[in-house]
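J.:
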Ligand code: FES
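In the numbering used here, the protein residues as written are -6 to 103.
1) For a test of the three-state rule: what should DSSP assign to residue 82, helix, strand or coil?
2) Just checking, does the region 49 to 67 make contact with the region 75 to 91 on the three C-beta pairs under 8 angstroms criterion?
3) Return no unless some Cβ of chain C is closer than 8 angstroms to the Cβ of residue 1.
4) On a CA-only basis, which of 21, 25, 47, 41 is nearest residue 79? Give me that one, please.
5) Where does the unbroken beta strand (DSSP E) through residue 0 begin, and where does it stop?
6) Can you name, in chain order, every residue of its own chain whose Cβ lies under 7 angstroms from the Cβ of residue 29, other than the five neighbours on each side?
7) Mind checking whether the beta-carbon of residue 35 lies closer than 7 angstroms to any heavy atom of ligand 1?
8) By a C-beta neighbour count over all protein chains shown, 10 Å radius and 16 as the cutoff for buried, is residue 81 buried or exposed?
9) If we require 3 or more residues per run, which beta strand (DSSP E) segments fall completely within the region 31 to 71?
Spelled out as structure tokens, the structure:
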């Protein structure tokens, strides 16, 4: 995913905006990313990805998602229909192994 691609599709919040927010605010919990233009407070598709970006930031890594914006948007389209995240999409974006990924945590950012 390119920095200008949107992580939160509901509120058009790009990866670049989230990176800058994390650098500037250094939020102690992922849920505070919602203060970045409301990211994660709409359909909630992006919540596990926001958590992943926050975790990367916390580890001192450059936050990013290893998925094309097309596949990410398709995953969100399916999510809005089925209300379930495709574990393959989550795994591809975050690199989390099965069972450790955010697909099992569809609820609000904690
Ligand atoms: S994509 Fe972020 S809340 Fe819908």
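Using N, Cα and C, we set each Cβ at its ideal position, and we do this for glycine too.
T.: Looking at the coordinates:
1) Judged by DSSP in its simplified three-state form, residue 82 adopts helix.
2) yes
3) Judged by its chain identifiers, the structure shown contains no chain C, having just a single protein chain.
4) 41
5) Unbroken beta strand (DSSP E) run through residue 0: -1 to 1.
6) 6, 10, 11, 14
7) yes
8) exposed
9) List check, beta strand (DSSP E) in window: nothing returned.
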